[in-house]
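First up is the structure itself, then whatever we jot down about it.
Numbering (the numbering used here), first residue to last: 277 to 501.
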């Protein structure tokens, strides 16, 4: 007997306290690990901007951009834009040099067997292409959603005039005399022609300058009167 209690009673009490302490330690450990993984999966609070420089794949696929300060920043290519690139392990050439705005998170890298490899690194979770405003001189001026700065032209956004040229070339195989020119005010314009089914000439004019597009459209509409 120890005081009023037996050795067995003291041992039982000690074991009970030990079990409680172990459960608390385990709970804290699980909470810590869970918080760590939750943080890794949701660390999406950093925004960076730059120009796409390089894309490469091994067990994982990585995208490198050059930021405005000239420094490179590489991250796992996890954004929706990367999905097809990653499937083919190749980025289309047209994206190189594109200006982008990226949401940066943290993700693990994996080896060829699907096992976690190394420490988590930056992941590019969302990639937004910085699009240009383009003004288009169509056959008839717009009646809805009229651009205030170019009321005779349609306005939309595209990655570049080169991208727009690729789109209309893909749509019309008989496109000719197409060119992109630099304007004196620093803007650029795209001109192209094709023949319709009746043999009539169809002209296309796009510009990054609302004023130049509007002036072009004024002259074209005036010549029809």
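Note that beta-carbon positions come from the ideal geometry of N, C-alpha and C, so glycine has one too. All values derive from a computational prediction rather than experimental measurement.
Under the DSSP definition of a beta bridge, residue 339 partners with 331 and 351. Leaving aside the five residues that flank residue 396 on each side, the residues in its chain whose CB is nearer than 7 Å to its CB run, in chain order, 316, 382, 383 and 384. Proximity to residue 329 across 452, 380, 348 and 475 peaks at 348, based on C-alpha coordinates. In the structure shown, residue 477 falls within a strand segment according to DSSP collapsed to helix, strand and coil. Judged by their CB atoms, residue 374 and residue 327 are nearer to each other than the 8 Å cut-off. Residue pairing by DSSP places residue 367 opposite no residue, since no beta bridge is assigned to it. From the listed residues 468, 378, 494 and 474, the smallest Cα separation to residue 482 is found for 468. Inclusion of residue 377 and residue 325 in the CB contact set at 8 Å is warranted, their separation being smaller than that value. The continuous alpha helix (DSSP H) containing residue 437 extends over residues 437–447. Across the set 444, 412, 454 and 477, the C-alpha of 412 shows the shortest separation from the C-alpha of residue 488.
The residues 339 and 367, in chain order, have a CB closer than 6 Å to that of residue 331 in the same chain once the five nearest residues on each side in sequence are set aside.
Here the stretch 454–461 does not lie against the stretch 388–403, with fewer than 3 beta-carbon pairs under 8 Å apart.
Excluding its 5 nearest sequence neighbours in each direction, residue 362 has C-beta neighbours in its own chain below 8 Å: 333, 337 and 353, listed in chain order. Of the residues 453, 442, 493 and 429, the one whose Cα lies closest to the Cα of residue 471 is 453. Of all alpha-carbon atoms in 415, 463 and 446, the one lying nearest the alpha-carbon of residue 499 is that of 415.
Residue burial is scored here from C-beta neighbours: residue 485 has at least 16 other C-beta atoms within 10 angstroms and is therefore classed as buried.
When beta bridges are read from the DSSP output, residue 494 appears opposite no residue. Cβ contact annotation for residue 386 (same chain, cutoff 8 Å, sequence separation greater than five): 335, 336, 392 and 393, in chain order. In this structure, 430 is the residue among 430, 370, 444 and 442 with its C-alpha nearest to the C-alpha of residue 492. A straight line joining the alpha-carbon of residue 444 with that of residue 423 spans about 22 Å. Residue pairing by DSSP places residue 398 opposite 382 in a beta bridge. With contacts defined as CB atoms closer than 8 Å, residue 466 and residue 437 qualify as a contacting pair. Within the same chain, 400, 401, 402 and 403 come within 7 Å of residue 355 by CB-CB distance, once the 5 residues on both sides are set aside.
For residue 471, the pairing in a beta bridge is given by DSSP as 477.
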